[in-house]
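The block underneath contains the structure these notes are about, expressed in structure tokens.
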Amino acid sequence: MSQTVTEFEVHDIRFPTSEQLDGSDAMNPDPDYSAAYVVLRTGEGAEGHGFCFTIGRGNDVLAAAIEALRPYVIGRRAPRTAADLAALHIELTHDSQLRWLGPEKGVMHMAAGAVINAAWDLAAKAAGLPVWEFLAGMTPEELVSLVDFRYLTDAITPVEALEILRAAEPGRAERAARLRAEGYPAYTTSPGWLGYDDTKLVTLAEQAVADGFQQIKLKVGGDLDDDVRRMKLARAAVGPDIRIAVDANQRWDVPDAIRWMTALAPHEPYWIEEPTSPDDILGHAAVRAGQPVKVATGEHIANRVVFKQLLQAEAVDFVQIDAARVAGVNENLAVLLLAAKYGKPVCPHAGGVGLCELVQHLAMFDYVAVSGTWEDRAIEYVDHLHEHFTDPVVIDSGRYVAPGAPGFSARMRPESMAAHRYPEGPVWQARRSGPVRATSAGPGASGTAPRRVAEAPTGNHPAGTSAPCDAPHQTPRADPTRSPGQDPTEEVNS
């Protein structure tokens, strides 16, 4: 049987999460969690799965970008070693004509990351190991060989990276054993979506504490008075000893961020996440210097170079890698090494379909083989859509249980893929039968969510669903050009 990649499948998978406002925030009020999904298959029948996360419209664009990478993979020997994976990473990210579309950022770069992650899934399965353990079993020299150090050597050199990895090498086995025994710290965003009313926020916050989480996160940035009230409610619900992070999802200009966080600071937010544009290094530095709350960012950072600059400018306190934003495991390894060099904790982003499954491996590898610590670190957890994966994350007493199944935990259930394939899957076809009006809780009785009138189809369909992204009737969307505090859904499409 062939040990080369003989099949390359790309799927546009979308989950209509917007009806229940799962994932809602000040910039993204109606996300339909989606995955541009790729499967690599060898002649032997081995499979590698990878994907990029989006929130609906544009998922087809990302799927097309992944499809453009087919010629680079079909006929290629299935990757097995660090050398194989390094070569694939360089070929996909250094192709001059494709690189021109970024360079090394945006849709094409994310597409390369999906394919690279699928290759890691394939290689780890061949080794019979979960990705975190597969990575942690590599020598420091192999790990350094995986990283593209172009544009990084003013911040970290291969020699410095090798020193970091060699320093962590002696305790690897003990830390791996502790990880398997205790799990990795988690925090949860599930109570804090901006579209949830106050009752739901308090109920879920109390449940998070009962479930053992030591940190929760609230979305902010819609209205300052609402955010102060919600922060007070959350603090009363969880008590003084539970950390509450807040996340603005890029909503503010720098002066707004400073003003807003100064007002929230008396309620002791643990960090402010994405206070302004992810490209604005100096803006993040100004926010960090201009108010008392620590700054976290990273989920929308395009590549290792911007992470480098954030660290050099002392613009962040927490580095938030995302498994599906940059060019796969290899580029995230570069970011982990940069964070270790600058002494910043890594708290990965995982708010999206499948992101918890992927990024747990990177954080656990960092603990075992790079930073050697989980102090001041936690992986985000959102309790959405894990049932669609064959190896879903497991949370026990507020901690991620170390995955033991070989691979990257990326394989989606075939029946889930068939049901949610866009636009032909039955979940989406059912939503084309005709519109009805559906509303969420308004700001009257107990809620903080802006009034939101959605067009949802009739027919027998499960709760938690909405119209397809390009259907004639859609949920109204916020205009990010509006000033903070203005109701983003005052004008409702009909």
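Count along the sequence shown starting at 1, add 478, and that's the number in this note's numbering. Where is the CB? At the ideal position from N, CA and C, for every residue including glycine.
Problem set entry | Range covered by the alpha helix (DSSP H) that runs through K678 | Here residue 678 is taken as the residue at index 200 of the sequence shown, counted from 1. Counting along the chain, the alpha helix (DSSP H) containing K678 begins and ends at 676-688.
For this session: Starting from the N-terminal side, write out each stretch of the beta strand (DSSP E) that is 3 residues or longer and does not extend beyond the segment 822-901.
Result: 857-859
Exercise. From D599 to H827, what does the alpha carbon distance come to, in whole angstroms?
Worked result: Translated into the one-based positions of the sequence shown, residue 599 becomes position 121. Translated into the one-based positions of the sequence shown, residue 827 becomes position 349. Rounded to whole angstroms, D599 to H827 spans 20 Å at the Cα level.
Problem set entry | Nearest-angstrom Cα separation, counted from G690 out to F595 | Here residue 595 refers to the residue found at position 117 of the sequence shown. Here residue 690 refers to the residue found at position 212 of the sequence shown. Just to set this straight, residue 595 is Asn in the shown sequence, not Phe. Each residue's alpha carbon lies about 31 Å from the other.
Problem set entry | Option nearest Q907 by Cα separation, candidates R492, A802, S668 | Translated into positions along the sequence shown, residue 907 becomes position 429. Closest option to Q907, Cα to Cα, is R492.
For this session: Just list the alpha helix (DSSP H) runs in the segment 714-788, keeping only unbroken ones of 4 residues or longer that don't cross its boundaries, in chain order.
Result: 732-742, 759-768
For this session: Return the Cβ separation of A780 and H572 in integer angstroms, given the expectation that the two are a contact with Cβ distance under 8 Å.
Result: Here residue 780 is taken as the residue at index 302 of the sequence shown, counted from 1. Here residue 572 is taken as the residue at index 94 of the sequence shown, counted from 1. The pair is not a contact, with the Cβ atoms about 16 Å apart (cut-off 8 Å).
Problem set entry | Other residues of its chain near Q481: CB distance less than 8 Å, five sequence neighbours each side excluded | Counting from 1 along the sequence shown, the entry for residue 481 is found at position 3. Here the set comprises T520, G521, E522, R555, A556.
Exercise. Going along the chain, which residues of its own chain have a beta-carbon closer than 8 Å to the beta-carbon of L563, five neighbours each way excluded?
Worked result: Numbered from its first residue, the sequence shown carries residue 563 at position 85. These residues qualify, in order along the chain: P557, I594, A597, W598, A601, L624, V807, N808.
Problem set entry | A856 and C834 closer than 7 Å at C-beta | Locating residue 856 in the sequence shown gives position 378, counting from the first residue. Locating residue 834 in the sequence shown gives position 356, counting from the first residue. For A856 and C834, no; Cβs fall outside 7 Å.
For this session: Quick one: residues in its chain with C-beta nearer than 7 Å to the C-beta of G528, no 5 flanking neighbours on either side, listed in chain order?
Result: Counting from 1 along the sequence shown, the entry for residue 528 is found at position 50. Excluding sequence neighbours, G528 sits near V516, A592, V593, N595, A596, D599, A888.
Problem set entry | Supposed contact pair A726 and A715 - C-beta distance, whole angstroms, cut 8 Å | The sequence position of residue 715 within the sequence shown is 237, counting from 1. The sequence position of residue 726 within the sequence shown is 248, counting from 1. With a Cβ gap of about 21 Å, A715 and A726 do not count as contacting.
Exercise. Three or more beta-carbon pairs under 8 Å between the segment 859-867 and the segment 635-654, yes or no?
Worked result: no
Exercise. Between the C-alpha atoms of P549 and L579, what's the straight-line distance to the nearest angstrom?
Worked result: Position 71 of the sequence shown, counted from the start, is the residue given in the question as residue 549. Position 101 of the sequence shown, counted from the start, is the residue given in the question as residue 579. Roughly 18 Å between the two C-alpha positions.
Exercise. Can you list the alpha helix (DSSP H) stretches of 4 or more residues lying completely in the segment 609-678, in chain order?
Worked result: 609-614, 618-623, 636-646, 650-660
For this session: Would you give the residue range spanned by the alpha helix (DSSP H) that A590 belongs to?
Result: Your numbering for residue 590 matches position 112 in the sequence shown. Note, A590: alpha helix (DSSP H), 584-605.
Exercise. Under the three-state reduction of DSSP, which class applies to S502: helix, strand or coil?
Worked result: Mapped onto the sequence shown, residue 502 falls at position 24. Here S502 sits in coil by DSSP.
For this session: Please report the residue range of the beta strand (DSSP E) in which E485 lies.
Result: Locating residue 485 in the sequence shown gives position 7, where the first residue counts as 1. Looking at the DSSP string, the run of the beta strand (DSSP E) that includes E485 is 483-492.
For this session: Look at V732 and A764 and say whether their C-beta atoms are less than 7 Å apart.
Result: On the sequence shown, position 254 is the one that residue 732 refers to. On the sequence shown, position 286 is the one that residue 764 refers to. Less than 7 Å separates the beta-carbon of V732 from that of A764.
Exercise. If you draw a straight line from the alpha carbon of R577 to that of A805, how long is it in whole angstroms?
Worked result: Against the sequence shown, residue 577 aligns to sequence position 99. Against the sequence shown, residue 805 aligns to sequence position 327. Rounded to the nearest angstrom, the gap between the Cα atoms of R577 and A805 is 12 Å.
Exercise. Sorted by chain position, which residues of the same chain lie with C-beta nearer than 7 Å to L621's C-beta, five sequence neighbours on each side aside?
Worked result: Position 143 of the sequence shown, counted from the start, is the residue given in the question as residue 621. The residues L643, L811, in chain order, have a CB closer than 7 Å to that of L621 in the same chain once the five nearest residues on each side in sequence are set aside.
Exercise. Would you call the CB atoms of L682 and S502 closer than 7 Å?
Worked result: In the sequence shown, counting from the first residue as 1, residue 682 sits at position 204. In the sequence shown, counting from the first residue as 1, residue 502 sits at position 24. No, the pair does not count as a contact, with Cβ atoms beyond the cut-off.
For this session: State yes or no: is the C-beta of K819 within less than 7 Å of the C-beta of I634?
Result: To locate residue 819, count along the sequence shown from 1; it is residue 341. To locate residue 634, count along the sequence shown from 1; it is residue 156. The Cβ-Cβ distance between K819 and I634 falls below 7 Å.
For this session: Can you grab the Cα-Cα spacing for the pair I720 / G850, in whole Å?
Result: For the purposes of this step, residue 720 is taken as residue 242 along the sequence shown, with counting starting at 1. For the purposes of this step, residue 850 is taken as residue 372 along the sequence shown, with counting starting at 1. If I take the Cα positions, the gap works out to 24 Å.
Exercise. With DSSP run on the structure shown, which of helix, strand or coil describes S512?
Worked result: Taking the sequence shown and counting its residues from 1, one reaches residue 512 at position 34. S512 falls in the strand class under three-state DSSP.
Problem set entry | Nearest-angstrom Cβ-Cβ length linking M890 and H866, presumed shorter than 8 Å | By 1-based counting over the sequence shown, the position of residue 890 is 412. By 1-based counting over the sequence shown, the position of residue 866 is 388. Indeed, because the Cβ distance is near 6 Å, the residues count as touching under 8 Å.
Problem set entry | Close-in-space but distant-in-sequence residues of the same chain around S755 (CB under 8 Å, 5 per side omitted) | Counting from 1 along the sequence shown, the entry for residue 755 is found at position 277. For S755, where only same-chain residues beyond five positions count, the Cβ hits under 8 Å are Q728, G761.
Exercise. Are the Cβ atoms of N518 and C530 separated by less than 7 Å?
Worked result: Locating residue 518 in the sequence shown gives position 40, counting from the first residue. Locating residue 530 in the sequence shown gives position 52, counting from the first residue. The amino acid occupying residue 518 in the given sequence is Leu; Asn does not appear at that position. No, these two residues do not count as a Cβ contact at 7 Å.
For this session: May I ask which residues mark the beginning and end of the alpha helix (DSSP H) holding T532?
Result: Within the sequence shown, residue 532 is the residue found at index 54, counting from 1. If you look at T532, you'll find it isn't in any alpha helix (DSSP H); it sits in the beta strand (DSSP E) that goes 525-532.
Exercise. Taking DSSP as the reference, what is the three-state secondary structure of Q907?
Worked result: The residue you call residue 907 lines up with position 429 of the sequence shown. Three-state DSSP puts Q907 in a helix.
Exercise. To which residues does DSSP link F796 through a beta bridge?
Worked result: Working through the sequence shown from its first residue, we reach residue 796 at position 318. A774.
Exercise. Are V794 and V773 close, meaning C-beta to C-beta below 7 Å?
Worked result: The residue given as residue 794 occupies position 316 in the sequence shown. The residue given as residue 773 occupies position 295 in the sequence shown. Going by C-beta atoms, V794 is nearer than 7 Å to V773.
For this session: Could you tell me if V914 is buried or exposed, where buried requires 16 or more neighbouring beta carbons within 10 angstroms of its beta carbon?
Result: Stepping through the sequence shown from its first residue, residue 914 is reached at position 436. Here V914 scores only 30 on pLDDT, less than 50, and its place in the model should not be relied on; the value that follows carries that caveat. By the 10 Å Cβ count, V914 comes out exposed.
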